[in-house]
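Quick note on my numbering: the sequence shown kicks off at 373 and runs consecutively.
Cβ coordinates follow ideal geometry from the N, Cα and C atoms, glycine included.
Report on the following structure.
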Amino acid sequence: YQGGVSVWDFTNSAKPREIAYFERGPLSDTTLSVGGSWSAYYYNGHIYSNDIAKGFDVLKISDRLTDPAKRVRLDELNVQTQPDYFD
373 YQGGVSVWDF TNSAKPREIA YFERGPLSDT TLSVGGSWSA YYYNGHIYSN DIAKGFDVLK
433 ISDRLTDPAK RVRLDELNVQ TQPDYFD
């Protein structure tokens with residue numbers, strides 16, 4: 373938790389690399405408090421992230437490495453399950 377949102381390119385699985393990062397930054401410059409991105413999920417061309425203190429972010433990536441993923445469309449997404457899309 374609170375680690376921000378990282379987007380990784382695993383095209384070469386022997387050398388994965390981070391291609392994007394997002395974090396809102398600290399809530400305060402003087403006191404410690406709980407905040408930051410607690411989860412992030414890719415769904416139909418966007419990344420959805422929730423911040424426990426500041427709310428909800430919708431991120432869009434436009435990059436030649438990630439653009440092909442936009443062609444994969446899902447009618448629904450429940451990240452708590454692992455449906456079998458191959459049957």
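Measure the C-alpha to C-alpha separation of residue i and residue j and round it to an integer number of angstroms.
{"i": "GLY423", "j": "PHE458", "result": "A small correction: the amino acid at residue 423 is Asp; Gly does not occupy that position in the sequence shown. Their backbone Cα atoms lie some 33 angstroms apart in a straight line."}
{"i": "ARG443", "j": "ILE433", "result": "14 angstroms"}
{"i": "VAL430", "j": "SER421", "result": "6 angstroms"}
{"i": "ASP456", "j": "GLU448", "result": "13 angstroms"}
{"i": "GLY451", "j": "GLN374", "result": "Checking the sequence shown, residue 451 turns out to be Val, not Gly. Their backbone Cα atoms lie some 19 angstroms apart in a straight line."}
{"i": "PHE428", "j": "TYR414", "result": "14 angstroms"}
{"i": "GLU390", "j": "THR402", "result": "30 angstroms"}
Do residue j and residue i come within 9 angstroms of each other at the CB atom, strictly closer than that value?
{"i": "ALA425", "j": "ILE419", "result": "no"}
{"i": "ARG396", "j": "SER405", "result": "no"}
{"i": "GLY417", "j": "PHE394", "result": "no"}
Spell out the partners DSSP gives residue i in its beta bridges.
{"i": "ASN422", "result": "SER411, PHE428"}
{"i": "VAL377", "result": "PHE394"}
Inset, instruction - Any chance you could list the beta strand (DSSP E) runs of at least 3 consecutive residues sitting entirely within the region 389 to 418, in chain order? - result: Fully enclosed beta strand (DSSP E) runs of 3 or longer: 389 to 394, 409 to 415.
Legend entry - Inter-stretch contact (C-beta, 8 angstroms, three-pair minimum) for the region 379 to 393 and the region 420 to 438: Contact between the region 379 to 393 and the region 420 to 438 is present, because at least three Cβ pairs lie under 8 angstroms.
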